[in-house]
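Read the structure below first, then the notes.
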Ligand SMILES: Nc1ncnc2c1ncn2[C@@H]1O[C@H](COP(=O)(O)OP(=O)(O)O)[C@@H](O)[C@H]1O
Ligand SMILES: [Mg+2]
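In structure tokens:
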């Protein structure tokens, strides 16, 4: 499923627009759930080469997970910034965090700790696949009991490599 995922269709994307759309999709449920969402869009509209729909899906998956992690409410911060040749996007929550021994496994397809049958365990696997096809990676920083931060690194120039890979398939 992941290897067959459509290659990204690269276009110039304003990442804050993409992030804004992902935020809009969770806005209502976050409100109902008492989750306070803060947006910190550093450079006022970083443009990169990327697939807008896929990058939106990545951020949405991270936001939904943050919401799932905090059924009693909490805080989520989504931020974007340009750091040298990288675009860095962060989704941080102050939920329960991810236990050390699970930190690699949560990116595996179908791995889920949720038992309500509403989640597939595919969110992070798909998100990682998309980010890697954009030539980037996802870093997880988490302290159990304090929260989780998923950090997406997209090498701005390497986005062009992903396009080249897509053409070869
Ligand atoms: N923000 C988070 N806080 C705590 N645990 C998380 C967070 N995001 C992901 N996880 C863990 O990673 C697992 C896999 O996430 P995901 O691939 O999106 O699958 P799903 O949400 O369907 O369970 C989750 O079941 C959960 O245990
Ligand atoms: Mg999920």
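Numbering (the working numbering), first residue to last: 992 to 1160. Glycine residues also receive a C-beta, built at the ideal position from the N, C-alpha and C atoms.
- When secondary structure is reduced to three states using DSSP, residue 1045 falls in the helix class.
- Secondary structure note for residue 1084: its beta strand (DSSP E) is the uninterrupted segment 1077–1084.
- The criterion of a C-beta distance shorter than 7 Å is satisfied by residue 1051 and residue 1016.
- For ligand 1, no non-hydrogen atom lies closer than 6 Å to the CB of residue 1069.
- The beta carbons of residue 1085 and residue 1065 sit about 5 Å from each other, so the pair counts as a contact at 8 Å.
- The beta carbon of residue 1084 sits closer than 6 Å to at least one heavy atom of ligand 1.
- Annotation: residue 1008 to residue 1080 spans about 13 Å, alpha carbon to alpha carbon.
- Assignment of residue 1139 by DSSP, reduced to helix, strand and coil, places it in the strand class.
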